[in-house]
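Worksheet: one structure, shown below.
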Amino acid sequence: MGEPAGGVRAKVWDGPVRIVHWLLVVLIGFSWWASEDHLNWHRWSGYAVIGLVLFRIYWGFAGGGAARFSAFVKGPKAIAAYAAEVGRRDVAVTPGHNPLGALSVLALLALLLLQVGTGLFVVDIDAFEGGPLSDRVSYDTGRALAEIHELSFRALQALVALHVAAVLYYWLWKRTNLIGAMITGKRTLPGDPGLAGAPVWRLVVGVGLAAAIAWALSKGLRF
Amino acid sequence: MASVMSRGGALALAIGIGAAIAGGGALAHVHDPMPANANAATKAAYARHANFEKLGAAFKGLNDELKKGSPDKAVVAANTKTMNSLVGALPTWFPRGSGVEARPLSEAKAAIWTDAAGFTAAATAARTEVAKLNAAAAAGDLDAVKAQVRPTGGACKGCHDKYREKKD
Numbered sequence: 006m007g008e009p010a011g012g013v014r015a016k017v018w019d020g021p022v023r024i025v026h027w028l029l030v031v032l033i034g035f036s037w038w039a040s041e042d043h044l045n046w047h048r049w050s051g052y053a054v055i056g057l058v059l060f061r062i063y064w065g066f067a068g069g070g071a072a073r074f075s076a077f078v079k080g081p082k083a084i085a086a087y088a089a090e091v092g093r094r095d096v097a098v099t100p101g102h103n104p105l106g107a108l109s110v111l112a113l114l115a116l117l118l119l120q121v122g123t124g125l126f127v128v129d130i131d132a133f134e135g136g137p138l139s140d141r142v143s144y145d146t147g148r149a150l151a152e153i154h155e156l157s158f159r160a161l162q163a164l165v166a167l168h169v170a171a172v173l174y175y176w177l178w179k180r181t182n183l184i185g186a187m188i189t190g191k192r193t194l195p196g197d198p199g200l201a202g203a204p205v206w207r208l209v210v211g212v213g214l215a216a217a218i219a220w221a222l223s224k225g226l227r228f
Numbered sequence: 196m197a198s199v200m201s202r203g204g205a206l207a208l209a210i211g212i213g214a215a216i217a218g219g220g221a222l223a224h225v226h227d228p229m230p231a232n233a234n235a236a237t238k239a240a241y242a243r244h245a246n247f248e249k250l251g252a253a254f255k256g257l258n259d260e261l262k263k264g265s266p267d268k269a270v271v272a273a274n275t276k277t278m279n280s281l282v283g284a285l286p287t288w289f290p291r292g293s294g295v296e297a298r299p300l301s302e303a304k305a306a307i308w309t310d311a312a313g314f315t316a317a318a319t320a321a322r323t324e325v326a327k328l329n330a331a332a333a334a335g336d337l338d339a340v341k342a343q344v345r346p347t348g349g350a351c352k353g354c355h356d357k358y359r360e361k362k363d
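Going down the list, the protein sequences come from chains A and B. Every number in this note's numbering is 5 more than the matching position in the first sequence, counting from 1. Every number in this note's numbering is 195 more than the matching position in the second sequence, counting from 1.
Structure (structure tokens):
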């Protein structure tokens, strides 16, 4: 693959970003499979997704270099400028999410929040299965939320398909391997962007907070 | 050849598709009132829907109560009693002709009538499980009620899997 001549292997994605990414891949697929006949596993998978999404949002403020929202969320001008040149057949060199990809990240996180948020309250048609907070809503409300839960999953599927299509586009058209970067954390770039890492204590705090909230929700906030 | 859609364009398209699907789904669930000139079969289809909602609400009321640290036996028994009388009448909610032909949004499969024996067996199974549930609740035996919840839900699901066409 054509990498920039004289480029350097630079660290882009830190461990937490990569782990969250691949766990979401596994758990979104697993949750989909388990949604029909394995609702107990579906619930546990959902609690894990809650923890991962909350952690990722926290990491967007407390994490290192490329993980931070402030590093990749751009205004309309920068997005338009990037969109104007994304069709060019050259190797992408953004050290992290590009301005367009940032929109995708935000949309995916928002949809995942909607997904797990509605999942907490859903009621199954038989009123036998339900989310951990389903006793806080009526049967009708729980059923309506179950419909939103399904619709938002379709929207999530569309976004995932778009995400995969974009990654393939970068790979095949722009000759930029983003998949390897999400595995190893490293990209070949013209220069090392010198992204700062985050101290371990911030990771510990984030994992602790996310796990505690997910655990409390799994208990239906009944202690 | 700049035929490749920009990522932003594709994203906007995907969001548009998602919104259209969501909007379409929401529209399909716009309140579906019974037509003023409804015939007996159509009335039966709407009444059945209302009865299933009552049944669902009662089972949910039971399950919510059982989730509490110390469930109120009176609430438990009131809900199982409602379930018991509803499920007892359930076989009468399906007069021939009250399927989708009577109400397009009906989720009743034609198999209810073409496989009447199978449907009756499934409905009877549900009736048996709910009767056990109600007997346990009437006796104030919460442990027995809790143990009977799963077979009851299984009977609901067993019938839905075969005879209910999900329309969401």
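C-beta atoms are modelled at their ideal positions from N, C-alpha and C, and glycine is treated no differently.
- Contact with chain A is found for B:Ala252, since one of that chain's Cβ atoms lies less than 8 Å from the residue's Cβ.
- For B:Arg243, the secondary structure class from DSSP, reduced to helix, strand or coil, is helix.
- Around the beta carbon of A:Asp131, 16 or more other beta carbons lie within 10 angstroms, which makes this residue buried.
- No beta strand (DSSP E) of 3 residues or more sits fully in the stretch 99 to 150 of chain A.
- Beta-carbon to beta-carbon, A:Leu125 and A:Pro137 are separated by about 6 Å, close enough to satisfy the 8 Å threshold.
- Bounds of the alpha helix (DSSP H) holding B:Ala272 are 268 to 284.
- At least one CB of chain B lies nearer than 8 Å to the CB of A:Ala132.
- DSSP, read as helix, strand or coil, puts B:Ala303 in strand.
- Beta bridge pairing from DSSP links A:Val13 with A:Leu194.
- Residue A:Trp27 holds the alpha-carbon nearest to the alpha-carbon of A:Ile184 among A:Ala160, A:Leu194, A:Trp27, A:Pro81.
- At least one CB atom of chain B sits nearer than 8 Å to the CB of A:Tyr144.
- In the DSSP secondary-structure assignment, B:Arg359 is bridged to B:Ala303.
- Using a Cβ-Cβ cut-off of 8 Å, B:Asn246 does not count as an interface residue toward chain A, since no Cβ of chain A sits closer than that to its own.
- Taking CB atoms only, B:Gly348 has a neighbour in chain A less than 8 Å away.
- Annotated as proximal: B:Val344 and B:Leu261, with beta-carbon spacing under 8 Å.
- At a cut-off of 8 Å between C-beta atoms, A:Asp140 counts as an interface residue with respect to chain B.
- With respect to the C-alpha of B:Pro346, the residue from B:Ala321, B:Asp336, B:Ala331 having the closest C-alpha is B:Ala321.
- Counting only Cβ-Cβ distances below 8 Å, A:Val128 has contacts in chain B at Gly251, Lys255, in chain order.
- Spanning the alpha carbons of A:Leu164 and A:Leu173 requires a straight line of approximately 14 Å.
- Judged by beta-carbon spacing, B:Ala253 lies within the 8 Å limit of B:Met278, meaning their Cβ atoms are closer than that value.
- The beta carbons of A:Phe74 and A:Gly80 sit no closer together than 8 Å.
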